[in-house]
Amino acid sequence: MTDLERTAVVALRDAAKHFGPVKALNGVSLSVAPGECLGLVGHNGAGKSTLVNLVNGSFAPSSGEVTFPGGPEGVRSVFQELSLCPNLTVAENLSIAHSGLKGRGWRRPARAEILASLDTVFPDHDIDPDAEVDQLTIAERQMVEIAIGFAPRGGSAKLVILDEPTSSLDEGIARQLLSHVRAFCAAGGAVIFISHMLGEVFAVASRIVVLKDGKVVADRPAQDFSRQGLVDAMGHVAAEGTQSTITRIAHGEVVIRAEGLEARRGEVVGLSGLAGHGQAAALARLYLAQTSDWRAGRGARAVFVAGDRPRDGVLPLWSILRNISISVLGRDGKGGFVNTAAERSLAEEWKQRIGIRTNDLTNPILSLSGGNQQKVLFARALASDAEIIVMDDPMRGVDVGTKQDVYAIIRAEAAKGRTFLWYSTETEEVCQCDRVFVFRDSQISAELTGDQITEDRILEASFEMMEAS
Numbered sequence: 001m002t003d004l005e006r007t008a009v010v011a012l013r014d015a016a017k018h019f020g021p022v023k024a025l026n027g028v029s030l031s032v033a034p035g036e037c038l039g040l041v042g043h044n045g046a047g048k049s050t051l052v053n054l055v056n057g058s059f060a061p062s063s064g065e066v067t068f069p070g071g072p073e074g075v076r077s078v079f080q081e082l083s084l085c086p087n088l089t090v091a092e093n094l095s096i097a098h099s100g101l102k103g104r105g106w107r108r109p110a111r112a113e114i115l116a117s118l119d120t121v122f123p124d125h126d127i128d129p130d131a132e133v134d135q136l137t138i139a140e141r142q143m144v145e146i147a148i149g150f151a152p153r154g155g156s157a158k159l160v161i162l163d164e165p166t167s168s169l170d171e172g173i174a175r176q177l178l179s180h181v182r183a184f185c186a187a188g189g190a191v192i193f194i195s196h197m198l199g200e201v202f203a204v205a206s207r208i209v210v211l212k213d214g215k216v217v218a219d220r221p222a223q224d225f226s227r228q229g230l231v232d233a234m235g236h237v238a239a240e241g242t243q244s245t246i247t248r249i250a251h252g253e254v255v256i257r258a259e260g261l262e263a264r265r266g267e268v269v270g271l272s273g274l275a276g277h278g279q280a281a282a283l284a285r286l287y288l289a290q291t292s293d294w295r296a297g298r299g300a301r302a303v304f305v306a307g308d309r310p311r312d313g314v315l316p317l318w319s320i321l322r323n324i325s326i327s328v329l330g331r332d333g334k335g336g337f338v339n340t341a342a343e344r345s346l347a348e349e350w351k352q353r354i355g356i357r358t359n360d361l362t363n364p365i366l367s368l369s370g371g372n373q374q375k376v377l378f379a380r381a382l383a384s385d386a387e388i389i390v391m392d393d394p395m396r397g398v399d400v401g402t403k404q405d406v407y408a409i410i411r412a413e414a415a416k417g418r419t420f421l422w423y424s425t426e427t428e429e430v431c432q433c434d435r436v437f438v439f440r441d442s443q444i445s446a447e448l449t450g451d452q453i454t455e456d457r458i459l460e461a462s463f464e465m466m467e468a469s
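The following block contains the structure:
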């Protein structure tokens, strides 16, 4: 063992994890020291989640070793797929991870501890420790999960693994988390920070490790990377000739006019503003208003791409293939029977177009990484004939290469006359749109078009009511 490994919080030496013939992780060696924030990046399926599961003990390595020189106590994981119990309160969820909270009267210290942790990480939160988790927004659930990760829990956190921790947070709340990560590491804590938001990685990481196909392909101080150099190290997943440049086109007649907004045929309409200000609720009402026809054999006018995959997206007991094809079984079938050849052809086409990483489409949907599950939801929606695509923060946990692919596909489909309603917590994504409605306090505070769609204008409208243009 080297001197660096002796002082590390965790050290991996030639660690590998195989699932049958699939080498999810293939001989990885790295260590994380106290005071270090390790940025871990790579495309969906590169091996990031498998590495995390080796560190937190969920998986045992197929070969190699994972060691904790100071002991495994204080190693925490905050998962991309939220793991809270929805029927329990915020304080009760803390008690599950805190073995010291037991016996009579444990609820009061549980409330105090989770509230203190929330106050430390997210000073502006408004979360009640006695609220049941299923009553919280997805952003609030993510905040609670992060706060539990950093809470003392009878000791202190030595290493906190954050897997896409800002995927449901708006920019203001995300900045509070990044500030806390920097303070935590400055005080001697260690963090493994996994994110497809490369700006956030550069904002907090002291060192960046790039994974590709289960191997480390780059490992050096963060300041030695440029953004383009980091993207190049990750490798490209976009198909040859994929066009990611935004080209706005002329639009047709109005196809939706409701909730104070309108959308035209061939238009990409964004809903923006601080998280929790009514965008998601307005989007849900718009979608439901277009999908009230339950008669068999009738194609839906609108389809939905969920950001909250476990709750609203994947069909967990079904295969990857069936999760893609469910939107078109009626269209491609005949006489009430599924056309299995057409179904497989469609799924194979979208697997290639959007880069779903699997060697067998009949595998369960939950065998995929979170980002690849999200690609399946895009494929399901875009493979349908629906003229309106409703997207609720759909890029959660999706890598930068796939985002560029999806932007290009959205533009190509819009050029064919399809209309997109797109709620996103990422300003960069909102700026891809033709028209943006900014929400504040469940009202539209601004309507922006063309060159008006800038980060500054969106932020201004998010914090200060403006007259709709």
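To convert, note that position 29 of the sequence shown is 29 in UniProt numbering; the numbers rise steadily by one, no gaps. Positions of the beta carbon are idealized from the N, C-alpha and C atoms, including for glycine.
Per DSSP, reduced to three states, the secondary structure at R396 is coil, with no helix or strand assignment.
In this structure the region 368-381 does not touch the region 268-287; the number of beta carbon pairs closer than 8 Å is below three.
Going by DSSP, P109 is part of the alpha helix (DSSP H) stretching over 107-121.
With fewer than 16 neighbouring CB atoms inside 10 Å of its own CB, E455 falls in the exposed class.
Rounded to the nearest angstrom, the Cβ distance from D393 to G270 is 11 Å, too far for a contact under 8 Å.
If you draw a straight line from the Cα of G333 to the Cα of P34, it is about 58 Å long. Distance from the Cα of D385 is smallest, within the candidate group R418, I365, T362, for R418.
If you ignore the 5 residues before and after N44, its C-beta comes within less than 6 Å of the C-beta of S369, G371, N372, D399, all in its own chain and listed in chain order. Here the C-alpha atom of V303 lies approximately 46 Å from the C-alpha atom of A11.
One thing to note: G39 has its Cβ within 7 Å of the Cβ of A205. Spatial neighbours of L283 in its own chain (CB-CB distance under 7 Å, excluding positions within 5 residues in sequence) are listed in chain order as L271, V390, D392, L421, Y423.
Annotation for K212: the continuous beta strand (DSSP E) segment containing it runs 207-212.
In summary, C433 is buried, with 16 or more beta-carbon neighbours lying within 10 Å of its beta-carbon over all protein chains present.
Here L84 is near N93, since their CB atoms are less than 7 Å apart. If you draw a straight line from the Cα of P69 to the Cα of V9, it comes to about 6 Å. Taking every protein chain shown into account, the CB of A415 has fewer than 16 other CB atoms within 10 angstroms, so this residue is exposed.
V22 sits away from V216, with the two beta carbons spaced by 7 Å or more.
Here E164 is buried. Its C-beta has 16 or more other C-beta atoms within 10 Å. At least 7 Å separates the beta-carbon of F184 from that of I208. About 17 Å separates the beta carbon of A131 from that of I173, a gap too long to meet the 8 Å contact definition. In this structure, L261 is the residue among T166, F122, L261, G330 with its C-alpha nearest to the C-alpha of T449.
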